[in-house]
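S.K.:
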Amino acid sequence: MSDLVIVAFSDEATAFEARAELVRLQKDYLVEMEDAVVVTRNEAGEVKLHQAVNMTAAGAVGGGMWGMLIGLLFLNPLLGAAAGAGAGALSGALVDVGINDDFLKDVGKSLDKGQSAVAVLIRKMTADKLLARLDKFRAKGRVIQTSLTDEMEAKLKAVLEKAESLGAADPQLGGNTRAKAGA
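As structure tokens, then:
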């Protein structure tokens, strides 16, 4: 079963950097992703999804190749390639693999204007090494949603989110007891 992780960032650039780092981590076999999408909300409030794989283009390429092969059988490869590319592009546009686009658009609407998020569907991961490599994003993100275990989610938040400062300990509540003992 795959795990969904969504992390919000204050700007678009950091979200794209995070997705690029996840792709590098996948090449190093530290994570296996099914999908990785950057969701942005511009200053006008418009939400845009930046898919890692353009299914329309992939469908057009695959359809064009199959169409050309079939066209060769009927002695008209150009017509076959054109028809195949069109059919492939249409089927690619209608296919939604990975994270549901409507769900991601709802996530985008929850972001403040100018913010972004990375939504990742993780099949497998080596958690300790993955978190160590994500340290460059320390205190830059905010975990919006995960399907990870509570323990793993807490570790992810510890890496990505800013630690809340509680200020100086109040002596009335038992803070700074060494100073009292030495006084």
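Under this note's numbering, the first residue of the sequence shown carries the number 86, and numbering increases by one thereafter. We put the CB at the ideal spot given by N, CA and C, even for glycine.
Can you list, in chain order, the residues of its chain with a C-beta nearer than 6 Å to that of K247? Leave out the 5 residues immediately preceding and following it.
M.R.: Contacts found: A224.
S.K.: Does the distance from the C-beta atom of R227 to that of E119 stay below 8 Å?
M.R.: no
S.K.: Quick one: residues in its chain with C-beta nearer than 8 Å to the C-beta of L233, no 5 flanking neighbours on either side, listed in chain order?
M.R.: D88, V90 and L241
S.K.: Ordered along the chain, which non-local residues of its own chain (more than five positions away) have a Cβ less than 8 Å from that of L215?
M.R.: Answer for L215: L110, L115 and V116, listed in chain order.
S.K.: Just verifying my parser: in three-state terms, what is the DSSP assignment at S195?
M.R.: DSSP places S195 in helix when its eight states are reduced to three.
S.K.: Excluding the five sequence neighbours on either side, which residues of its own chain have a C-beta within less than 6 Å of the C-beta of R104, listed in chain order?
M.R.: A121, V123 and V203
S.K.: By how many angstroms is the C-alpha of S201 removed from the C-alpha of Q191?
M.R.: The residue you asked about is not Gln; residue 191 is Asp in the sequence shown. D191 and S201: Cα-Cα distance of roughly 13 Å.
S.K.: Give the single residue among D197, R218, L107 and L206 whose Cα lies nearest to the Cα of E131.
M.R.: D197
S.K.: Looking only at C-alpha atoms, which of A217, A129 and D113 sits nearest to G199?
M.R.: A129
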